[in-house]
Amino acid sequence: MSATDTPVRTQGSADAERRLGVKENPVSRVGAMIVMGVFTVYFLMPIWWLLVSATKDRAQFTSTAPLWFADFSLWTNISNLLNYGDGIFVKWMVNSALYTVGGAFFGTILAAMCGYALGKYPFRGRETIFNVVLGGVLVPATALALPLFLLFSTVSLTNTFWSVFLPSLVSPFGVYLARIYAAASVPDELLEAARLDGSGEVRTFFTVSVRLMLPALVTVFLFQFVAIWNNFFLPLIMLRDESTFPVTLGLYTWTTQVNQIPELSGLVLVGALLSIIPLIVIFLLLQRFWRNGLGAGSVK
Amino acid sequence: MTTNPLTQEVSSGRPPASRRRSSPHKRAIAVFVLPFGVLFSLFYAIPVGYAVWQSLLKVEREGTFGVAREVFGGFSQYEQVFSNAPFWNSVGRVLTFGAVQVPVMLGLALIFALLLDSPLVKGKKFFRLAFFVPYAVPGVVAAIMWGFLYSPNLSPFKAVTENVAFLSADLVLWAIANVVTWVYVGYNMLIIYSSLLAIPTEIYEAARLDGAGQLRIAWSVKIPLVMPAILLTTVFSIIGTLQLLAEPQVFRSFSSAVTSSYTPNLTIYSTSSIPNFSLAAAFSVVLAVATFILSFTFLKVTQRKGNK
């Protein structure tokens, strides 16, 4: 919260240093840059390797230098991947997009509405509801996977899109963030003014309050997006039919088959590369939100 | 939603705090709270209750080949849980894992956040992004990538992997720890870094004029101020460690040292695919309670220390 509604320093204490004219020890400078450089290699090398490997054919994968390009077969590899098993990989990517974008979008709206009501309206049972939701934050998602499977099987809905999609809509942490942010960023006076103008409470929420809460809502959306994208246990336990898999579960099943079908090892790598591109693009696009908004959860 | 003009009157200004029993915007509140409330009940509250109920059942058969039916079994599943050595071994394994991996990961995250916030580092934007990128890689995909990198047959770094058996029984736990660290350091770094950015600059200026060096400022000023963020990331990491599943599950394809009861969640998964749902539910309940107690205790202990 603090980071989004107060002016934020972007350069750390560097500005202050310049103003004060204090010089840092050059040895510390060099040391700090070496540490950052070494870890940049650590964090980026595996992704670089994945990118390079995806451009090689199977023979060159093991016979050429691992961190540099050989003959460029990326397009062949991608078309092999997309055509394998009647285009099942494309299906998985589409499923992942539906699970994550749909789940995060509607999940954020639901959490925003609930958090807004808890933050802006005093009503009986408000604290009880909030405490129950907070308890939900501490319930690990994986602890829910098995009972959810049992419940869905009583209504014969396992192995369907909905069995993974519906539970993804619930974000207790989102309600928590939305409540704090609504209480801090939506002034009571504004709601009063809207009432005097004859606007209903629900309409005021969607036309006025949502805009004021936007930075927090983007944060909730990102948290939900990543949580659903990474969710593995629920699809693993719910889904049997390959055509309903998200891409993570699909790549996992291919990995388990690499020993029987060696050609899958190449496809797994190209698929892994394609599967991380959407998330990297979203992170880049929404950079200014996560950069400052991720600290939101740590403010009491 | 239209509201009654009479109730609008009442709501103007701050609501009187005394004996206020109901709100004038009942319908609006219901519209806001119910959708989430219904889904929360269906997919959070009821499953938790159902897991507890299922864990109290047991399967009974008439004779060896009779029809199986579920009857109330009291705490018989829990007796099995508490006498199940592989399960408790797996709990011990993830605790060992957490005792090493969480401090290493958060220590690195803290160091990077402090370096990014100090005047020592140039190119902050680049480093911030570079360190955060692994977080965009889902746990499963990260485990697949590192699985290849570790593997003696498939690795591009055969010179290393032929000499160090990363996937052997001795090392595979730490090989997994490296994957988790790789994914989450940047994320934790950002949480700590954004709470560093919220500290007013004047505080450092005063310390700087008093002649304090960067190390001194970091230790005595910055770290105490970002303690809440560090605690939050610690609790999330503890929860995450006890729930380890995706990475070890993927590593089963690369290493035979990762058994079907390697972590508590793998035990739950393999028990439920037997299928023995009641025992699996009892495992789930015990694990959730243990997670809750551990993170709650941690918060309480550290809060008490902070208040002194």
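Respectively, the protein sequence lines represent chains A and B. Counting in this note's numbering, the first sequence runs from 1023 upward without gaps. Counting in this note's numbering, the second sequence runs from 203 upward without gaps. Even for Gly, the Cβ is constructed at its ideal location relative to N, Cα and C.
Cβ-Cβ distance between leucine 1089 of chain A and tryptophan 1071 of chain A below 8 Å: Mapped onto the first sequence, residue 1089 of chain A falls at position 67. Mapped onto the first sequence, residue 1071 of chain A falls at position 49. Yes.
Amino acids of chain A, ordered along the chain, whose beta-carbon sits closer than 7 Å to that of phenylalanine 494 of chain B: As a position in the second sequence, residue 494 of chain B is number 292, starting the count at 1. Ordered by position in chain A, the residues that pass the 7 Å Cβ test against phenylalanine 494 of chain B are Leu1160.
Inter-residue CB distance, valine 343 of chain B and threonine 1270 of chain A (contact presumed, cutoff 8 Å): Numbered from its first residue, the second sequence carries residue 343 of chain B at position 141. Numbered from its first residue, the first sequence carries residue 1270 of chain A at position 248. Between threonine 1270 of chain A and valine 343 of chain B the Cβ distance is about 7 Å, and since that is below 8 Å, they are a contact.
Phenylalanine 274 of chain B: contacting residues in chain A (beta-carbon distance under 7 Å): For the purposes of this step, residue 274 of chain B is taken as residue 72 along the second sequence, with counting starting at 1. Listed along the chain, the chain A residues whose CB falls inside 7 Å of the CB of phenylalanine 274 of chain B amount to none; the nearest CB is some 16 Å away.
Residue range of the alpha helix (DSSP H) that includes lysine 360 of chain B: Here residue 360 of chain B is taken as the residue at index 158 of the second sequence, counted from 1. Following the DSSP letters along the chain, one finds lysine 360 of chain B inside the alpha helix (DSSP H) bounded by residues 360-363.
Reduced DSSP secondary structure (H/G/I, E/B, other) of phenylalanine 1091 of chain A: Taking the first sequence and counting its residues from 1, one reaches residue 1091 of chain A at position 69. Of the three classes helix, strand and coil, the one that applies to phenylalanine 1091 of chain A here is coil, per DSSP.
Nearest-angstrom Cα separation, counted from valine 261 of chain B out to methionine 1260 of chain A: Here residue 1260 of chain A is taken as the residue at index 238 of the first sequence, counted from 1. Here residue 261 of chain B is taken as the residue at index 59 of the second sequence, counted from 1. Using only the alpha carbons, I get a separation of about 23 Å.
The segment 409-418 of chain B in contact with the segment 459-477 of chain B per 3-pair CB rule at 8 Å: The answer is no - the segment 459-477 of chain B does not touch the segment 409-418 of chain B, with fewer than three Cβ pairs under 8 Å.
heavy atom of the ligand FMN below 7 Å from alanine 420 of chain B C-beta: Absent from the structure shown: the ligand FMN. Ligands present: none.
Three-pair Cβ contact test at 8 Å for the segment 324-338 of chain B versus the segment 429-437 of chain B: The segment 324-338 of chain B vs the segment 429-437 of chain B: no contact.
Of the residues B:Tyr386, B:Ile419, B:Ile441 and B:Ala492, the one placed nearest alanine 311 of chain B, counting alpha carbons only: For the purposes of this step, residue 311 of chain B is taken as residue 109 along the second sequence, with counting starting at 1. Comparing alpha-carbon positions, the option among B:Tyr386, B:Ile419, B:Ile441 and B:Ala492 lying closest to alanine 311 of chain B turns out to be B:Tyr386.
Beta-bridge partners of leucine 434 of chain B, as assigned by DSSP: Translated into the one-based positions of the second sequence, residue 434 of chain B becomes position 232. Beta-bridge pairing links leucine 434 of chain B to no other residue.
Listed by chain order, chain B residues near alanine 1092 of chain A by CB distance under 9 Å: Taking the first residue of the first sequence as 1, we reach residue 1092 of chain A at position 70. Neighbours of alanine 1092 of chain A on chain B: none; closest Cβ ~12 Å, over 9 Å.
Closer than 8 Å to chain A by CB, asparagine 467 of chain B: Numbered from 1 along the second sequence, position 265 holds the residue referred to as residue 467 of chain B. Yes, its Cβ sits closer than 8 Å to a Cβ of chain A.
Own chain residues within Cβ distance below 8 Å of glycine 1043 of chain A, not counting five before or after: Within the first sequence, the letter at position 21 stands for residue 1043 of chain A. Confidence at glycine 1043 of chain A is low in this model, with a pLDDT of 49, below 50, so the placement of that residue should be treated as unreliable; the coordinate-derived value is given next. Excluding positions up to five away in sequence, the list is empty.
Amino acids of chain B, ordered along the chain, whose beta-carbon sits closer than 9 Å to that of glutamate 1223 of chain A: Here residue 1223 of chain A corresponds to residue number 201 of the first sequence, with the count starting at 1. Simply Met203, Thr205, His227, Arg229, Ala230, Ile231, Val233 and Phe234.
Distance CB(isoleucine 378 of chain B)-CB(leucine 1273 of chain A) smaller than 8 Å: Position 176 of the second sequence, counted from the start, is the residue given in the question as residue 378 of chain B. Position 251 of the first sequence, counted from the start, is the residue given in the question as residue 1273 of chain A. No, these two residues do not count as a Cβ contact at 8 Å.
The segment 1108-1120 of chain A contacting the segment 1159-1178 of chain A, beta-carbon criterion three pairs below 8 Å: Short answer: they don't touch.
Contact check, alanine 1204 of chain A vs methionine 1235 of chain A, beta carbons under 8 Å: Taking the first residue of the first sequence as 1, we reach residue 1204 of chain A at position 182. Taking the first residue of the first sequence as 1, we reach residue 1235 of chain A at position 213. Yes, the pair counts as a contact, with Cβ atoms nearer than the cut-off.
Sequence-distant residues of the same chain with beta carbon closer than 6 Å to leucine 447 of chain B, five excluded per side: Within the second sequence, the letter at position 245 stands for residue 447 of chain B. Within the same chain, leucine 447 of chain B has close Cβ partners Asn467.
Threonine 1122 of chain A classed as buried or exposed, judged by whether at least 16 other C-beta atoms fall within 10 angstroms: Counted from its first residue, the first sequence places residue 1122 of chain A at position 100. Its Cβ being crowded by 16 or more others within 10 Å, threonine 1122 of chain A is buried.
Alanine 1205 of chain A: first and last residue of the uninterrupted beta strand (DSSP E) it sits in: As a position in the first sequence, residue 1205 of chain A is number 183, starting the count at 1. Element bounds for alanine 1205 of chain A: not the beta strand (DSSP E) but the alpha helix (DSSP H), 1194-1207.
Test: valine 1203 of chain A CB closer than 8 Å to a CB of chain B: If you number the first sequence from 1, residue 1203 of chain A lands on position 181. Sequence inspection shows tyrosine at residue 1203 of chain A; the valine mentioned does not correspond to that position. Taking Cβ atoms only, chain B never reaches closer than 8 Å to tyrosine 1203 of chain A, which makes this a no.
Buried versus exposed, by CB contacts within 10 Å (16 or more), methionine 307 of chain B: In the second sequence, residue 307 of chain B corresponds to position 105, counting from 1. By the Cβ-count criterion, methionine 307 of chain B is buried, with 16 or more other Cβ atoms from all chains shown falling within 10 Å of its own Cβ.
Contact set between glycine 307 of chain B and chain A, taken where Cβ atoms lie within less than 8 Å: For the purposes of this step, residue 307 of chain B is identified with residue 105 of the second sequence, where counting begins at 1. Here the sequence assigns methionine to residue 307 of chain B, which means glycine is not the residue at that position. What methionine 307 of chain B touches in chain A: nothing, since even the nearest Cβ is about 12 Å away.
Within 8 Å, strictly: CB atoms of threonine 465 of chain B and valine 362 of chain B: In the second sequence, counting from the first residue as 1, residue 465 of chain B sits at position 263. In the second sequence, counting from the first residue as 1, residue 362 of chain B sits at position 160. Taking C-beta atoms as the reference points, threonine 465 of chain B and valine 362 of chain B fail to come closer than 8 Å.
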